[in-house]
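Written out below as structure tokens is the structure these notes cover.
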Amino acid sequence: MTGLKETLIKETPVVKNFDSGLTAALWNIPGYQKKYALLNSPLGSILTGVKANGQEFLIPEGTAHFLEHKLFADKETGNVFDYFASLGASCNAYTSLISTNYLFSTAENLPQCLDLLLDFVQNLYMTPGSIQKEKKVILQEISMYKDHPGWRVFYNLLQNLYFQHPIRNDIAGTRESVQTINQEIIRFCHDYFYHPQNLLLAVIGDLNIEEITETIAQNQSKKKFPGVPEYKTINFEEPREIRKKEIREKFSLGQPIMQMGFKINEHPSGGENLLERDLAFALLSDILFGTGSPAFYEMYDEGLIDDGFSAGFSGEETFGYFVLGGGTNHPEKLIEKLLEVLIKARQEGIKTEDLERSKKKIWGGFIAGLNSLEVLAGQFVKDYRRNLDLVDHFAALEKINTGQMEMVLNEQLDREKASISIVEPRA
Amino acid sequence: MTSFNFSRHFLPEQGIWLFHMQTAKFKTNSLKCILPLQLDFEKASANALLPFVLYRGSEDLPQSIKLIRKLEDLFGTDLSVDVRKRGEWQLIDFSLETVNSDFLPNNKDILPEAIKILSGILFKPLLQNGGFQRNYVDGEKRTLEEEIINLKNNKMEYALERCYQEMCQGEPFSVFRYGSPEKIRELTPEGLYEHYKRVRQEAPILVFFVGDLPLDTVKKWLLEFFPSREKIYEIRQNGLKISPRPEKVVVEKDSISQGKLNIGFRTGINRSDPDFPALLVANGLLGSFPHSRLFRTVREEYGLAYYIFSRIESTKGLLTISAGIDADQFEETIDIIEKEWNNIIQGKINEQEVEFTKKGLCSQLKISEDSAFDLMGIELINALNSFGQSREEIMGKIKEVNPADVARVLSRVKRDTIYFLEPDEEEN
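First to last, the sequence lines map onto chains A and B.
Under the numbering used here, the first residue of the first sequence carries the number 173, and numbering increases by one thereafter.
Under the numbering used here, the first residue of the second sequence carries the number 86, and numbering increases by one thereafter.
Spelled out as structure tokens, the structure:
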């Protein structure tokens, strides 16, 4: 373990703070052709209201995603994609529950690409016409997702688990909510959540750290930013109960898809505790339902599941849910079986040998992921926002014991807090 | 300094082509084992079922759970099995990835053990009464059949597959990579075992290795764990040249909210063709980048689509354009695409877009050095195309492509089939 720690520490980024307030992690990984940068804003789809300047601002569903589209399209100075293309780079962006991320990868011209990334994200330019046109594209994106039964079943599940929490909303918003987004709200979001104080930049690859530091410092010194905007997130009161037990939707599809979701109401605070919860659920789902579990083969051999079956947890400080399921011809039998496995596990407890094997598997998977610069950068950003680093993952994994997992199993996976979502073929 | 080129070695006794690259760049060692089988309607289902049945258990590790737990104990060694289609080849693909000993608590090398497990799966299958074990065969038949039925759950992929089926009707390429439910149902444990014996005896095995181990070590393990074989067939190209025929338009309905458009073209160009680099540039300029014509017009200028792109299948010689659009914008979209296409073949191309595309393609090829599986994937396609051109050669030639080459190569490409999966308004 000590040796491993040293091996990993060799690959730790240098974190710099710039006068504008921007924080950047510069990560030199020799031997890679690709240089990758990720600029992260804390505006995610679940941020739907803040208090600032003594006022409440409500942010319509889909605003974070809309702003992401808007920053790309129709800049005063020309097309962002073209600028990146002229540098041999490719750029993209995505919006998640808790953040918006702008990224590029390139084999050359890194300083120019960084300038471009910071400029197009930090400068907001809009006209009423460009807003209307972008809405059309987003409506097509919403339609595209609507045609994915796998996405639909999950969206319906979240709608069932939650009354208020914005996690129940689609990241892109709805056809109606998108129409209510206007220049004023976009401007507000940009001022607050894209202020350098709130942005986090990760640059990774075979880098000259001094040169890159200089590039960023110069870029930021040329810009003027208003004072640091203070705001407080408005959190909605979310009941502990679930909103609805079951939902079914007809779809044009092959096999039905069933997902069972548990609403988790105990939310730890602080990075280490969040990480511990993530790991406890990852290990638990692997031990009980993974491809190395007896239950997996019982269900497989009975024809209840195929290899698309999955079990997984997602959670932050205000929400948590554990979802199990996949394609099945027998949704009812599968539900019954999954509940049986949980009951049996509660009676028998978690075996140490199973935990040790599962830890090894998660260890290996984590290391393999670190071959990818995208994964490294994404992991850094997530960890940094949680005040963690890479080594913490291994330490937490070593530490976790069967008792903690049994506590999760006994206290957090409550049948009364579970909802079922099914999409099924039209007759 | 690693060259990021594979060295190629033939092991005649075993009928193995070994593609080896040593590098300390990655935290894992990766090994991919490919059996290229001729794609054909009769055998496709048996070919597809085979690796999934083999993966359920071997003589040494007779139960799935034992096999999987063994891999998990090797620090989550990833062994994945799949069947893919490249040109008129159906590829059985076993991919192995083990963590380098530097990143393991006891610094033990686990690759040899993993290769031994893989070899057991391939060559020491679990048998019962002169066939494969019945419950494994039945279980995997069911799963495979469901996989085929569930193609309908991914509308984009479904529409593309339907476009290929219509376009290549009567050609092996129209066969789905998993075959058909009807043929799967006909398979028996005994029949599948007979089929296995032929494949085992005749199919060449392509082994790709990327990791921090010298050639001799990898070779030694292959010689030790893989059996000797005779009568290995050669990898020959086919299905590239198809005589021209009238265009086809196929419209089908489904209860979806967005129409899925696919337009199929014949390029007749594979990686050995001198025009291949020009085709890459033409495809890039047309539709594989955000600066491409189709994205710029259909999405950015007209706001008709969220996704629109083109891609090439470089073994069969196809190009397809895919887009998600509203049903009433079908004709408008086709018109815009046609107009852009004609602009390009008439030479209305500016230097700048060609430059952007060339830079983008070279960047992609360079960056592929950062992923062991990308490197192996490119080398695999090369192996199926009689080792046409290496990455460096292609990069060099891309840089020489000029607007006239783009116009010329695209004029060689013929539209064949328009397929539209249309929202069914009555149902939706």
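For each residue, glycine too, the CB sits at the ideal point set by N, CA and C.
Beta-bridge partners of residue i, as assigned by DSSP
{"i": "residue 181(B)", "result": "116(B), 164(B)"}
{"i": "residue 224(A)", "result": "227(A)"}
{"i": "residue 429(A)", "result": "499(A), 595(A)"}
{"i": "residue 272(A)", "result": "213(A), 267(A)"}
{"i": "residue 426(B)", "result": "Bridge partners of residue 426(B): none, in fact."}
{"i": "residue 389(B)", "result": "DSSP output for residue 389(B) lists no bridge partner at all."}
{"i": "residue 434(A)", "result": "494(A), 590(A)"}
{"i": "residue 404(A)", "result": "223(A)"}
{"i": "residue 94(B)", "result": "103(B)"}
{"i": "residue 423(A)", "result": "597(A)"}
Boundaries of the beta strand (DSSP E) in which residue i is found, first to last residue
{"i": "residue 347(B)", "result": "344 to 351"}
{"i": "residue 405(B)", "result": "403 to 410"}
{"i": "residue 508(B)", "result": "499 to 508"}
{"i": "residue 200(A)", "result": "195 to 200"}
{"i": "residue 396(A)", "result": "Counting along the chain, residue 396(A) falls outside any beta strand (DSSP E), and DSSP gives it neither H nor E."}
{"i": "residue 106(B)", "result": "101 to 107"}
{"i": "residue 128(A)", "result": "No information on residue 128(A) is available, as it lies outside the stretch 173 to 599 that chain A covers here."}
{"i": "residue 305(A)", "result": "Not the beta strand (DSSP E): residue 305(A) falls in the alpha helix (DSSP H), residues 300 to 318."}
{"i": "residue 59(B)", "result": "Nothing about residue 59(B) can be reported from this structure: the residues present for chain B run from 86 to 513 only."}
Nonlocal neighbours in the same chain, by C-beta distance under 6 Å from residue i, ignoring five residues either side
{"i": "residue 414(B)", "result": "389"}
{"i": "residue 141(B)", "result": "149, 221"}
{"i": "residue 232(A)", "result": "349, 352, 353"}
{"i": "residue 263(A)", "result": "256, 276"}
{"i": "residue 337(B)", "result": "506"}
{"i": "residue 280(A)", "result": "260"}
{"i": "residue 419(A)", "result": "328, 332, 593"}
{"i": "residue 503(B)", "result": "334, 348"}
{"i": "residue 188(B)", "result": "112"}
{"i": "residue 259(B)", "result": "250, 253"}
{"i": "residue 410(A)", "result": "336, 337"}
Beta-carbon proximity list for residue i, same chain, < 8 Å, skipping 5 on both sides
{"i": "residue 351(A)", "result": "307"}
{"i": "residue 513(B)", "result": "Residue placement at residue 513(B) is flagged as unreliable, the pLDDT there being 45, under the threshold of 50; a coordinate-derived value is accordingly withheld."}
{"i": "residue 108(B)", "result": "87, 89, 295, 296, 297"}
{"i": "residue 127(B)", "result": "268"}
{"i": "residue 468(A)", "result": "461, 462, 477, 481"}
{"i": "residue 211(B)", "result": "141, 142, 143, 144, 147, 217, 218, 221"}
{"i": "residue 173(A)", "result": "Unreliable placement is indicated for residue 173(A), whose pLDDT of 45 sits below 50; the coordinate value is still reported in the next sentence. Contacts found: 566, 570."}
Own chain partners of residue i with C-beta closer than 7 Å, once the 5 adjacent residues on each side are dropped
{"i": "residue 130(A)", "result": "The structure shown does not extend to residue 130(A), since chain A is modelled only from 173 through 599, so no value can be given for it."}
{"i": "residue 245(A)", "result": "302, 306"}
{"i": "residue 194(B)", "result": "186"}
{"i": "residue 329(B)", "result": "499"}
{"i": "residue 353(B)", "result": "325, 326, 402, 497"}
{"i": "residue 584(A)", "result": "436, 438"}
{"i": "residue 139(B)", "result": "206, 207, 210"}
{"i": "residue 441(A)", "result": "489"}
The alpha helix (DSSP H) enclosing residue i, as first and last residue numbers
{"i": "residue 597(A)", "result": "Unbroken run through residue 597(A) is the beta strand (DSSP E), 590 to 597; no alpha helix (DSSP H)."}
{"i": "residue 213(A)", "result": "Element bounds for residue 213(A): not the alpha helix (DSSP H) but the beta strand (DSSP E), 207 to 213."}
{"i": "residue 326(A)", "result": "321 to 333"}
{"i": "residue 222(B)", "result": "219 to 234"}
{"i": "residue 251(B)", "result": "240 to 252"}
{"i": "residue 289(A)", "result": "282 to 294"}
{"i": "residue 476(B)", "result": "476 to 485"}
{"i": "residue 202(B)", "result": "196 to 208"}
{"i": "residue 241(A)", "result": "235 to 244"}
heavy atom of the ligand COA below 6 Å from residue i C-beta
{"i": "residue 413(B)", "result": "As presented, the structure is devoid of all ligands, the ligand COA included, so that no description of it is given."}
Worksheet item: Taking one C-beta from the segment 526 to 536 of chain A and one from the segment 458 to 474 of chain A each time, how about it: are there three or more such pairs within less than 8 Å?
Response: yes
Item to complete: Assess, as a yes-or-no matter, whether the segment 90 to 103 of chain B is touched by the segment 307 to 323 of chain B under the definition of 3 or more beta carbon pairs within less than 8 Å.
Response: yes
Worksheet item: Is there contact here, the segment 180 to 190 of chain B with the segment 114 to 127 of chain B, by at least three beta-carbon pairs under 8 Å?
Response: yes
Discussion item. Quick check: the segment 203 to 221 of chain B against the segment 387 to 398 of chain A, are at least 3 beta-carbon pairs closer than 8 Å?
Written reply: no
Worksheet item: Which whole runs of the alpha helix (DSSP H) in the segment 448 to 514 of chain A are 4 residues long or more, in chain order?
Response: 466 to 473
Practice prompt. Taking 8 Å as the threshold, find out whether the segment 433 to 444 of chain B comes into contact with the segment 484 to 492 of chain B through three or more Cβ pairs.
Written response: yes
Worksheet item: Is the segment 189 to 205 of chain A touching the segment 314 to 326 of chain A in the sense that three or more CB pairs, one from each, lie closer than 8 Å?
Response: no
Discussion item. What ranges does the alpha helix (DSSP H) occupy inside the segment 348 to 383 of chain A, keeping only unbroken runs of at least 4 residues that lie completely in it?
Written reply: 355 to 365
Worksheet item: Contact between the segment 499 to 516 of chain A and the segment 464 to 479 of chain A: three or more CB pairs below 8 Å?
Response: The segment 499 to 516 of chain A vs the segment 464 to 479 of chain A: in contact.
Worksheet entry | Sequence ranges, alpha helix (DSSP H) only - wholly within the segment 296 to 340 of chain B, length at least 4 | Unbroken alpha helix (DSSP H) stretches of 4 residues or longer found wholly inside the segment 296 to 340 of chain B: 300 to 310, given in chain order.
Worksheet item: For the segment 501 to 584 of chain A, which segments carrying the beta strand (DSSP E) assignment without a break, of at least 3 residues, lie completely within its bounds, in sequence order?
Response: none
Worksheet item: Residues in the segment 309 to 330 of chain A with C-beta within 8 Å of chain D's C-beta atoms, listed in sequence order?
Response: Protein chains in the displayed structure are A and B, and chain D is not among them.
Discussion item. Under 8 Å, with one C-beta from each stretch per pair, do the segment 562 to 574 of chain A and the segment 520 to 528 of chain A reach the 3-pair mark?
Written reply: The segment 562 to 574 of chain A vs the segment 520 to 528 of chain A: in contact.
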